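Just so we're aligned, residue 1 is where the sequence shown starts under UniProt numbering, counting upward by one.
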Amino acid sequence: MGIALLVHPDCPYPVHHIPTTSPYLLSCQIADILIHCVYLPPSASYSNDDAISFIESLPLSTHPSQTNTIICGDFNARIRGLLGDSRSNTRGTALYDFIMHNNITCWNATLAYGQPTYHSFTNEREDTSIIDLFLSTNPLDSPSIAIENDMDLGSDHKPVRLTFTPSSPAPPPQQHPRQLWHLNKLSDPEIHQQYGTHLTTNIQPVLDSLTLAIDNNDTPPDIDALSTMFTDAIHHALDTSIGRKKPGTRDNSNKWFGTMSCKQPLNDVNTAINDYGMLMK
């Protein structure tokens, strides 16, 4: 048992996870919204009293920057009057009292009244209920709910999707802290060879400087300058052979760019550095 929060790679807002020790809760803040993802097991394994105590213990705000709180998940609570379910249960009655007492909006009631989120078959008879809910402490802008009846993912529960417009604008995109290349192109043997050739040529001045330092150990080399030259040699070889790519694109291919043809000049540099270190001792 566990709760997972999947974040779309194009989400423009930072996601701040809020640690918790409960196995029934995953909390985070996205923009100015506090989100509690919950799972409350059926009453056979998790008493209704414990479930309601858990719900009532949820903080409706953890930071002044939060202007709304969403509580969502599988509550195993049935509320006939509010949701249009076929019946109510004890947990549902207690959850209804919590909703009314805290002036909370249940978006299933507002946007998907009477639409089941759970389907099961027993003795060839279909049972349905409305137990996967979206709640919020304040109104949402342009909200809509979709219950994906054709996408059950192998579960008795149907995915429920709540869509709305965030109240705070997305932050400006940050400059990517890393330089990126089309490393997947190195799987082409011809491009691999081009990269190795460029690297061998570019790294020669570094080797020459190290050789000169070893021959004339009275004048120690500028290690920072050599490091910059070494890095520039690799970057220039990558630029020339495969080119850079813009940040934000996803590339799950192999990121390693070392091959037998380009490892030798790198090994030569490491050997020269080690030799210089031994001479300086």
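Glycine residues also receive a C-beta, built at the ideal position from the N, C-alpha and C atoms.
Computed from a prediction, not measured in an experiment: that's the story for all the values here.
Rounded to whole angstroms, what's the CA-CA distance from Arg87 to Ser129? Just pull it up for me.
-> Near 8 angstroms, if we compare the C-alpha coordinates of Ser129 and Arg87.
Quick one: Cα of Gln66 to Cα of Ser45, how far?
-> In this model, Gln66 and Ser45 are separated by some 34 angstroms (Cα to Cα).
Is it buried or exposed for Gly92, if we count other Cβ within 10 angstroms and need 16 for buried?
-> So Gly92 counts as buried.
Determine the direct distance from the alpha carbon of Asp32 to that of Tyr13, and round the result to whole angstroms.
-> Going by the C-alpha atoms only, they are around 10 angstroms apart.
Does DSSP classify Ser136 as helix, strand or coil?
-> Strand, per DSSP.
Selection from Trp181, Asp132, Ala272 and Asp222 that minimises the alpha carbon distance to Ser155 | The candidate whose alpha carbon is nearest that of Ser155 is Asp132.
For the alpha helix (DSSP H) that Ile99 lies in, which residues bound it at each end?
-> For Ile99, the enclosing alpha helix (DSSP H) covers residues Thr90 to His101.
Smallest Cα separation from Thr231: which of Asn123, Gln179 and Cys11?
-> Comparing alpha-carbon positions, the option among Asn123, Gln179 and Cys11 lying closest to Thr231 turns out to be Gln179.
Taking Arg80 as part of the beta strand (DSSP E), name the residues at either end of that continuous run.
-> No beta strand (DSSP E) contains Arg80, which is instead part of the alpha helix (DSSP H) from Arg80 to Leu83.
Starting from the C-beta of Gly243, find all residues in its chain whose C-beta is less than 6 angstroms away, skip the five residues before and the five after it, and write them out in chain order.
-> For Gly243, where only same-chain residues beyond five positions count, the Cβ hits under 6 angstroms are His182.
Below 8 angstroms on the Cβ atoms is my guess for Gln194 versus Ser142; work out the distance and round it to an integer in Å.
-> About 52 angstroms separates the beta carbon of Gln194 from that of Ser142, a gap too long to meet the 8 angstroms contact definition.
Among residues of its own chain, excluding the 5 on either side of Thr69, which ones have a beta-carbon nearer than 6 angstroms to its beta-carbon?
-> So the list reads Leu34, Leu60 and Thr137, once near-sequence residues are dropped.
Indicate the three-state DSSP secondary structure (helix, strand or coil) for Asn68 in the structure shown.
-> In this structure, Asn68 counts as strand in the three-state DSSP scheme.
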